[in-house]
Each structure stands twice: as C-alpha cells, then as structure tokens.
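Structure first, then comments.
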Amino acid sequence: MTARWPLVIFYNILDVSAYNAFVIWTEIFPEWNESKLYKRRIFLEELGKALVTPHIQRRQHLPRTSAAASTVREIQERTAPSTPVREVSEGKRKRKRCQVCRPCDDVDCAHRLGARAPEAGERPCVTIARIHSFQAKEIILQLARQVFPLRHNDKPVYIFRDYPAEITKQRRAFVDVRKRLEGWGARGTWEQVGVPCLRDYNGRPNFVWGDAL
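Here my numbering is used: the first residue of the sequence shown is 421, the next is one more, and so on.
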C-alpha cells in the first residue's frame with residue numbers, strides 16, 4: 421500500500437469498481453466457477469489480463485526484464501493473426517485523388533501529381549495537370565515551369581483549368597489565367613485548343629492552354 425492520499429483514493433476506486441464488476445458478473449452468470457471458493461481472485465486475474473492484453477499486442481518494444489519480455493513475446497505470438505498481412509509496395513501504391521477534383525480517370529491534378537513526363541505506354545492526358553483558382557502564386561509558377569518543357573509525341577503538354585459550363589466563362593478563364601501566368605514570369609507561345617476527352621460537368625469540351633514551342 422501507499423501513504424499518499426491521492427493514490428489511496430485511486431486504489432480504493434479501483435477496488436470498488438472491480439468488486440462491483442464481480443457482483444454484476446456473478447449475477448449474470450451464476451454458474452461461473454460455481455464450485456470454487458476464490459472466484460473473486462480468478463475474476464480479478466482474468467479482468468486484469470483482458471485489460472492489458474490489447475496494450476501488450478500493440479507494443480513494439482519488449483520490456484527490459486527477461487520475465488516481462490517473455491510474457492509480452494508469448495502473448496504477441498499467441499494472438500498473432502494466422503495469415504500474414506500482404507504489404508503493398510511503395511512503388512505500386514495508388515496515389516490519393518485530390519479532394520476538390522471531380523472523379524475523372526483521365527485527369528491528374530496539381531495537388532496529386534505535379535507535372536511529370538508520360539511513361540511508356542501512357543496516354544498523353546495523364547500528364548495534364550489542373551490548376552485551381554485558389555492555388556497560390558508560387559504553386560502555379562512552379563507547376564508552369566515544370567509543364568512547359570514537357571512534350572509527348574512532339575506535342576506540347578497542356579495545362580487546363582476546370583471552369584463552369586458556359587463557353588464564355590471558359591474563354592474568360594483562359595485569358596485571365598494566361599495573363600496571370602505571363603505576369604508572374606511564365607514565358608511561352610500560347611494557343612487555345614479544344615480537347616474532346618476533357619469535358620466539363622455538362623459534357624462540353626474544356627478549353628486548355630499550353631506552350632506550342
């Protein structure tokens with residue numbers, strides 16, 4: 421026991437709670453260890469094991485003492501899953517899609533992808549990167565510098581911005597972002613084209629912009 425009154429109160433709370441749990445358990449299951457005279461001690465032992473076993477299973481480091489280390493190792497081996505969990509390799513892990521982008525398998529956005537060169541057998545549209553209107557100047561500039569040199573089959577890789585369905589707003593968005601990029605130091609020969617595989621929410625083609633060097 422201890423002479424410190426906070427611990428005395430805490431231990432008393434534990435004793436009362438354990439005894440109440442024992443009384444409730446024996447009332448629900450009166451046939452549990454009916455012939456034994458030390459049922460409360462058995463109940464406390466099993467209760468303690470049930471409380472500490474999940475923590476022991478989550479332990480990543482063994483205790484320093486040999487007895488405690490052997491106990492932890494035994495419990496972890498006994499409760500280990502029979503079938504090993506298959507680990508996913510880092511290189512083949514599926515990348516998370518941007519939460520603000522609409523689900524489209526042909527488009528990767530700046531949050532998820534950045535700009536990268538197309539791999540062998542990959543469609544050109546995989547290299548397209550989306551610029552959101554709320555992205556900071558540094559992010560758009562960095563993305564523009566990365567995208568400008570990219571080419572696929574001697575064709576430029578375009579940047580596009582998802583915009584509402586009206587063609588007038590799409591043209592206005594093209595002019596607005598083009599001026600912003602050029603004002604921030606992005607250089608290139610710009611041309612406006614329509615890409616059928618990239619469509620807005622109503623199925624109309626988006627307008628994209630990119631360098632035609």
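Cβ atoms here follow ideal geometry from the backbone N, Cα and C, with glycine treated the same way.
Every value quoted in this text rests on a predicted model; they were computed, and no experiment measured them.
Here the alpha carbon of D435 sits roughly 17 Å from the alpha carbon of T446. Cα atoms of I495 and K469: separation of roughly 10 Å, rounded to the nearest angstrom. The alpha-carbon of T491 is positioned some 13 Å away from that of P474. In the three-state reduction of the DSSP assignment, H475 falls in the helix class.
For the pair N453 and I462, the CB atoms are nearer than the 9 Å cut-off. If you ignore the 5 residues before and after A438, its C-beta comes within less than 7 Å of the C-beta of L464, L467, all in its own chain and listed in chain order. In this chain, Y458 is not harboured by any alpha helix (DSSP H), its DSSP state being neither H nor E.
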